[in-house]
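In this note's numbering, the protein residues as written are -9 to 271. Notes follow the structure.
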Amino acid sequence: MRQVLRIPGLGAIAGLIMSAVACGGSSNGGSGSGSPPYGGPPPAGAPTLKIATSATLGNYLVDGNGRSLYYYAKDFPAAGSNAAVSNCTGGCLAVWPVFDTSNVVVQGINASDVGEITRSDGAKQTTFRGWPLYYFAGDMSAGNVNGEGVDSIWFVLHDQAYSVLLMSNPSGQPPTLYLADGAGRTVYYFFQDTVGTATTPPVSACTTTCLASWPIFLTNSTVVPSILTASDFTVFTRPDGQMQSAYKGHPLYYFAGDAAPGDTKGRGVNNVWDSLDPRVL
């Protein structure tokens, strides 16, 4: 469901949001050099990337002036030999301007987590843990996080890496929303598993040779975007003694055939495997 923002004094920005359909609109033309919504560069030597704190979101990434920075669920993060790909183009950039800094000074985060890509339009864009970074034009002052959760595909990034996050197919074809790990690798569920309940743990029917194609997904931390509920993620002990993560009682797996972030090649395999859409599961 599309989130409708009601922010006093937005005026022209609200029109941009409607025309760009919160980055669901035209992807043709445009430039990656969108201007940040307010403020100038921080003083020389001051941090250009740092951590702010919100009562609702916890610690999250901002620029040197305290402007919130977001990731886009339709982007592909950098991972291994795969470069990051920004899929926010054209009218999207009027609402979600690119963040880029040539002078990386960090506070509260690791400098090694910061990178830079050259977008398809030739502009530079800073990345954090592989994810291209954006401002939101509806954030009017430091501390605003009005872009959080827009269309269920825009989210802040935290000082701790997401253990599970949301991604979306940029083509608009299914899966329109699905769970992935923090590096953008899709996780799946198996129709033949026994779903866990509040009183009984899940039972995985994927054993022995099955695990060669469908490796176990396990995370011992639960850092998730705000529209997900951390308590929906649990860890259980399999019959073989290994630990495995579950979502709403469904054991979670990777697919060995997925080679790059955003791959969803495991969907529909033998009609018993699928990605997880938290809106319907």
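Idealized CB from N, CA, C, for every residue including glycine.
Contacts around residue i, its chain only, beta-carbon distance under 6 Å, and the 5 residues preceding and following it disregarded
i: Thr116; result: Phe89, Asp90, Thr91, Glu106, Leu123
i: Leu225; result: A small fix is needed here, since residue 225 is Val in this sequence, not Leu. Closer than 6 Å at Cβ, skipping near neighbours: Met233, Ser235.
i: Pro205; result: Tyr244
i: Ser194; result: Asp183, Arg228, Pro241
i: Ala74; result: Pro67, Ala68, Ile107, Thr117, Gly120, Pro122
Buried/exposed call for residue i, threshold 16 Cβ in 10 Å
i: Arg269; result: exposed
i: Met233; result: exposed
i: Phe66; result: buried
i: Val262; result: exposed
i: Val52; result: buried
i: Ala249; result: exposed
N- and C-terminal bounds of the beta strand (DSSP E) containing residue i
i: Val85; result: Counting along the chain, Val85 falls outside any beta strand (DSSP E), though it belongs to the alpha helix (DSSP H) covering 82 to 85.
i: Ser44; result: 39 to 44
i: Ile107; result: 104 to 108
i: Phe180; result: 178 to 180
i: Phe207; result: Where Phe207 is concerned, there is no enclosing beta strand (DSSP E), given that its DSSP letter is neither H nor E.
i: Lys238; result: Careful: Lys238 lies outside any beta strand (DSSP E) and carries neither H nor E.
Segment limits, alpha helix (DSSP H) that includes residue i
i: Ala202; result: 200 to 203
Proximity below 8 Å, CB of residue i to CB of residue j
i: Leu147; j: Leu156; result: no
i: Gly239; j: Thr187; result: yes
i: Leu39; j: Val104; result: yes
i: Phe245; j: Tyr178; result: yes
i: Gly172; j: Ser142; result: no
i: Gly137; j: Gly128; result: yes
i: Leu169; j: Tyr237; result: yes
i: Ser221; j: Phe145; result: no
Integer Cβ distance of residue i from residue j, believed to fall under 8 Å
i: Pro87; j: Tyr125; result: 5 Å
Distance cut-off 7 Å: residue i Cβ against heavy atoms of the ligand COA
i: Asn55; result: The ligand COA is absent from the structure shown, which contains no ligands of any kind.
Own chain, CB closer than 7 Å to residue i, minus 5 neighbours either side, in chain order
i: Ser71; result: none
i: Val213; result: His148, Gln150, Ala151, Tyr152, Ser153
i: Gly247; result: Lys255, Gly256
i: Thr108; result: Lys114
i: Lys64; result: Asn77, Ile143, Ser158, Pro160
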